[in-house]
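When we follow our numbering, the leftmost residue of the sequence shown carries the number 3, and every step to the right adds one.
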Amino acid sequence: ATTADAFRPALHYAPRNTWLNDPNGLIFHEGAYHLYYQNNPLDTVWGNMSWGHATSTDLLTWTEHAVAIACDAEEDIFSGSIVYDRHNTSGFGTDSAAPLVAVYTSAYKMASAYHGIQAQSLAYSLDGGYTWTKHPGNPVLNRASADFRDPKVFRYESDAGSYWVMVAVEASDFEVVFYKSHDLKDWELLSSFGPANATGGVWECPDLFPLPVDGDPDNLKWVLTVNLNPGGPNGGSAGQYFVGDFDGTTFTSATTVTSGLQDPDRLSEYQWLDWGRDYYAAVSFSDVPDGRRLMIGWMNNWQYANEIPTSPWRSPMSLVREVSLRSRDGSWRLVQQVAQEFTSVPAGKPPFTAGAGEIPEGTHLLDGAAGSVQRIEATFTPGTAEEFGLIVRGNGTQGTRIGIRPTERIIVVDRRESGQTDFHEAFASIDTAPIELAANSYALTIYVDQCSVEVFAQGGQVTLAELIFPSPTSTDVSLYAAGGTATINNLRITQYA
Ligand code: FRU
């Protein structure tokens with residue numbers, strides 16, 4: 003038995019008392035970030051899919067609002083996106099008010115003539131995103147498919163003209179499909195992409211956006227993100243990405259490793275949005291004013307999503323991440339940081355700091371570093387140890403181990419002894435990601451937040467998001483080295499609570 007709501011995160015969004023999955027309709031509009039999400043308004047397990055809604059002006063604190071778009075007898079409201087239709091191309095607006103238009107998947111139920119089909123539909127809001135009206139002409143795009151879903155729409159602008167582009171999936175064909183429209187109602191097929199790289203599970207929740215390479219605005223590459231379930235690098239749900247070009251019609255990947263159906267041995271060669279078990283259905287915000295590309299993922303995994311031991315809510319979102327693109331050896335890599343707003347979260351206590359020193363073999367409790375809502379920044383230089391790193395949320399027997407194995411060139415997150423794990427057989431795990439030494443060191447930034455750790459390694463080149471369910475009294479932080487020694491160069495722990 004645990005204290006009521008013991009796992010509620012302090013830095014991550016979680017619904018008050020309902021079920022949440024994918025982020026939907028992420029948009030900055032009239033001074034606020036809007037976060038809609040797959041929501042069961044009536045329960046804490048998946049079902050009655052509707053769009054829940056929360057807003058934030060600073061990406062740190064969120065206000066939950068009434069359900070934005072509710073399911074009805076004929077349809078569930080599956081994932082999708084929102085655009086600000088500033089020129090009222092859809093005609094849903096008035097002379098004085100341009101509409102927000104939501105493009106969502108109608109998952110038709112028994113009572114509908116479209117039963118068994120997933121098709122794309124519209125709803126619009128004239129009050130800045132708080133109340134929504136379904137378009138009477140729904141669905142607007144129907145391929146008579148049972149697995150056509152998760153439309154992400156953006157405005158494509160080029161010298162040849164500008165129009166709306168929709169990126170969606172034929173989930174069980176491992177295919178992303180691209181459509182074009184001038185009014186959000188009539189859609190014309192442009193092209194398709196896939197199967198490629200990871201195809202261990204259905205493709206869901208795609209996104210497509212340009213990013214400057216190494217910060218150079220004259221050198222843009224397009225990033226196509228594709229979530230898949232299962233088939234992630236450490237099991238279950240995860241997101242992969244491709245880097246290439248989009249000419250307004252076709253996406254051409256420059257990072258495809260394997261075309262067609264996946265080679266199961268090559269999973270670690272694909273590019274992953276996150277290597278942890280709990281970062282899924284990630285999509286990006288539209289219209290962020292300073293051009294940043296911000297993403298949020300659902301912090302859970304379909305393997306055990308309905309069983310995690312939180313109450314009276316289920317599933318947090320990830321922290322808000324800024325993504326950027328870095329070139330390397332003729333290829334590109336997505337680099338992720340927690341949005342800069344998080345650096346201004348007020349600390350609850352003075353930070354814990356430690357200078358450079360050797361980590362002797364063994365586990366060493368850091369006196370005065372305990373906490374359950376913290377940001378840990380640490381840099382290590384390898385020595386003779388086979389593995390070294392940190393144990394967080396510890397109590398002597400419990401703990402989550404985050405370590406580097408330099409000779410294997412991997413980072414591990416071991417949550418086998420992290421606390422409650424027996425609610426599902428797939429939960430307890432030791433998860434790994436490839437990692438490379440940089441300037442003779444390994445840098446880790448770790449956000450610990452009640453029921454999770456989010457690890458950003460080597461400046462955000464590798465990330466791992468993982469849920470954990472420790473006892474509220476497991477708050478120890480330790481350094482460890484196994485099979486030899488290592489060096490800690492610096493350590494700073496910001497205490498938020
Ligand atoms: C991904 C997903 C989407 C779908 C939604 C339904 O987690 O399966 O493909 O739109 O969840 O809740």
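Just so you know, even glycine gets a beta-carbon here, dropped at the ideal spot from N, CA and C.
State the Cα-Cα distance for the pair Ser333 and Ile432, rounded to the nearest angstrom.
Those two C-alpha atoms are separated by around 29 Å.
What is the rounded straight-line gap between the Cα of Gly359 and the Cα of Asp276?
Approximately 31 Å between the Cα atoms of the pair.
First and last residue of the beta strand (DSSP E) that includes Val455?
Counting along the chain, the beta strand (DSSP E) containing Val455 begins and ends at 454-459.
In the DSSP output, which residue or residues are listed as bridge partners for Gly82?
According to DSSP, Gly82 bridges with Tyr106.
Can you tell me the Cα-Cα spacing of Gly163 and Arg157, whole angstroms?
One C-alpha to the other measures close to 11 Å.
Rounded to whole angstroms, how far is the Cβ of Ile437 from the Cβ of Ala459, which I believe are closer than 8 Å?
Right, the Cβ-Cβ distance comes to about 6 Å (below 8 Å), so this counts as a contact.
Pull up the distance between the alpha-carbon of Ile490 and that of Ala445, whole angstroms please.
Their Cα atoms are separated by approximately 10 Å.
Tell me the start and end of each unbroken beta strand (DSSP E) in the segment 424-451 that is at least 3 residues and wholly inside, in chain order.
Runs of the beta strand (DSSP E) inside the segment 424-451: 432-436, 444-451.
Taking the alpha-carbon of Thr257 as reference, which of Asp249, Asn236, Gln242 has the nearest alpha-carbon?
The shortest C-alpha separation from Thr257 is found at Gln242.
To the nearest angstrom, how far is it from the Cα of His67 to the Cα of Trp53?
Approximately 11 Å, taken between the alpha carbons.
Look at Val245 and Val225 and say whether their C-beta atoms are less than 8 Å apart.
In this structure, Val225 lies closer than 8 Å to Val245 by Cβ.
Between Gly27 and Ser317, what straight-line distance do the alpha-carbon atoms span, to the nearest angstrom?
Spanning the two alpha carbons is a distance of roughly 18 Å.
The beta strand (DSSP E) with Thr254 in it runs from where to where?
253-255 is the extent of the beta strand (DSSP E) around Thr254.
Alpha carbon to alpha carbon, how far is Val169 from Leu263? Give it in angstroms, no decimals.
Rounded to the nearest angstrom, the two C-alpha atoms are 21 Å apart.
Determine, using beta-carbon pairs with one atom in the segment 145-160 and one in the segment 99-108, whether at least three such pairs fall under 8 Å.
Flag = yes, the segment 145-160 and the segment 99-108 touch.
In the DSSP assignment, what are the bridge partners of Ile310?
The partner list for Ile310 (beta bridge, DSSP) is empty, contrary to what the question assumes.
Can you have a look at Thr96 and say buried or exposed, based on whether 16 or more other CB atoms are within 10 angstroms of its CB?
By the neighbour-count rule (16 or more Cβ atoms within 10 Å), Thr96 is not buried but exposed.
Quick check on the DSSP output: the beta strand (DSSP E) that includes Gln120 runs from which residue to which?
Gln120 -> beta strand (DSSP E) spans 120-127.
Does the count of Cβ pairs from the segment 272-288 and the segment 10-29 closer than 8 Å reach three?
Output reads yes: the segment 10-29 touches the segment 272-288.
Please tell me whether Gly237 and Arg279 are closer than 8 Å, where the distance is taken between their beta carbons.
Yes.
Compare the C-alpha of Gln305 against each of Asn41, Asp188, Glu427 and name the closest.
Considering only alpha carbons, the answer is Glu427.
Give the straight-line distance between the Cα atoms of Gly461 and Leu222, rounded to the nearest whole angstrom.
The alpha-carbon atoms of Gly461 and Leu222 are separated by roughly 21 Å.
In whole angstroms, give me the CA-to-CA distance for Asp504 and Arg10.
Coverage of the chain is limited to positions 3 through 499, which leaves residue 504 absent and any answer about it impossible.
Within 10 angstroms of the Cβ of Met112, are there 16 or more other Cβ atoms? Answer buried if so, exposed if not.
By the 10 Å Cβ count, Met112 comes out exposed.
Is Gly462 helix, strand or coil by DSSP?
Here Gly462 sits in helix by DSSP.
Can you tell me the Cα-Cα spacing of Val155 and Gly250, whole angstroms?
So the two alpha carbons sit approximately 13 Å from each other.
With Leu191 as the anchor, note down where its beta strand (DSSP E) starts and where it stops.
It spans 190-195 - the beta strand (DSSP E) in which Leu191 sits, taken as one unbroken run.
Would you call Pro266 buried or exposed, if buried means 16 or more other Cβ atoms sit within 10 Å of its Cβ?
It counts as exposed.
With a threshold of 6 Å on Cβ separation, who are the neighbours of Thr312 within its own chain once the five nearest residues in sequence on each side are excluded?
Counting only Cβ-Cβ distances below 6 Å, and skipping sequence neighbours, we find Phe9.
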